[in-house]
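Peer 1: Those letters in the sequence shown? Residues 1 to 158, by full-length UniProt numbering. Where a beta carbon is used, it is the ideal one built from N, C-alpha and C, also for glycine.
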Amino acid sequence: MAQQQAEDSQSKQNSIMKDYDKVQDDFINLQVQVELKDEQILQLTQKQSDLSFEIEMLQGQIIELQQVNQLIREDTDSLSNDKLLLEEKLYNALKTKDNILDELAEAKSELFRINKCLEGFGENLTGVQKVLKQLKLTEQKLTTLKERCKEWVEKMTE
Numbered sequence: 001m002a003q004q005q006a007e008d009s010q011s012k013q014n015s016i017m018k019d020y021d022k023v024q025d026d027f028i029n030l031q032v033q034v035e036l037k038d039e040q041i042l043q044l045t046q047k048q049s050d051l052s053f054e055i056e057m058l059q060g061q062i063i064e065l066q067q068v069n070q071l072i073r074e075d076t077d078s079l080s081n082d083k084l085l086l087e088e089k090l091y092n093a094l095k096t097k098d099n100i101l102d103e104l105a106e107a108k109s110e111l112f113r114i115n116k117c118l119e120g121f122g123e124n125l126t127g128v129q130k131v132l133k134q135l136k137l138t139e140q141k142l143t144t145l146k147e148r149c150k151e152w153v154e155k156m157t158e
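(1) Do the region 95-108 and the region 147-157 meet, that is, are 3 or more Cβ pairs less than 8 Å apart?
(2) According to DSSP, simplified to helix, strand and coil, what is residue 168?
(3) In whole angstroms, what is the alpha-carbon distance linking K133 and Y91?
(4) One question on the structure: do L135 and I114 come within less than 8 Å of each other, judged by their Cβ atoms?
(5) Can you tell me the Cα-Cα spacing of E107 and C117, whole angstroms?
(6) Which complete beta strand (DSSP E) runs does the region 80-150 hold, if anything under 3 residues is left out?
(7) Return yes when the Cβ of L111 is within less than 8 Å of the Cβ of T138, no when it is not.
(8) When you compare only the Cα positions, how much space is there between L86 and L79?
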């Protein structure tokens, strides 16, 4: 019986040792898993840090792009205003040109009339005086017209 108890005791001790070895293996496996999880946590923390840095950089770039966009809007508005002013100047210049052309046509017509007067001039002194008077008026108109042409050319070259 003592031998039976010794064998039972030995069997229990072997069973306990097997359980202890199994628990120790499980503990080592759990430690390895904890270390792996810790490594994963470190990697994820580093990735989070990297992503946070990238987000900050992107936010800075977004702000810069918004500023550039605002400058582009301002330049576009300024260019639109300049375009409107230039269109108005062009319209006024074309209107002035049309007026000058009308006055040139009138002067040409008057010169034609003076020519007709000169053809029928003969010895009529009053006719000569009329022609001289008309020539002076025409000369004044042409001088005025010349000044207006000069102004128009200056406006067009601005």
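Peer 2: Put simply:
(1) Yes, they touch.
(2) There is simply no residue 168 to check, as the chain begins at 1 and stops at 158 in what is shown.
(3) Reading the sequence shown from its first residue, position 133 is the one you call residue 133. Reading the sequence shown from its first residue, position 91 is the one you call residue 91. Roughly 37 Å separates the two Cα atoms.
(4) Locating residue 135 in the sequence shown gives position 135, counting from the first residue. Locating residue 114 in the sequence shown gives position 114, counting from the first residue. Against a cut-off of 8 Å, the Cβ pair of I114 and L135 comes out as a contact.
(5) What you label residue 107 is simply residue 107 of the sequence shown in a count that begins at 1. What you label residue 117 is simply residue 117 of the sequence shown in a count that begins at 1. For the sequence presented, residue 107 should be read as Ala rather than Glu. Each residue's Cα considered, the two are about 15 Å apart.
(6) DSSP runs (the beta strand (DSSP E)) wholly in the region 80-150: none.
(7) Position 138 of the sequence shown, counted from the first residue, corresponds to residue 138. Position 111 of the sequence shown, counted from the first residue, corresponds to residue 111. Contact: yes.
(8) Locating residue 86 in the sequence shown gives position 86, where the first residue counts as 1. Locating residue 79 in the sequence shown gives position 79, where the first residue counts as 1. Computed Cα separation, rounded: 10 Å.
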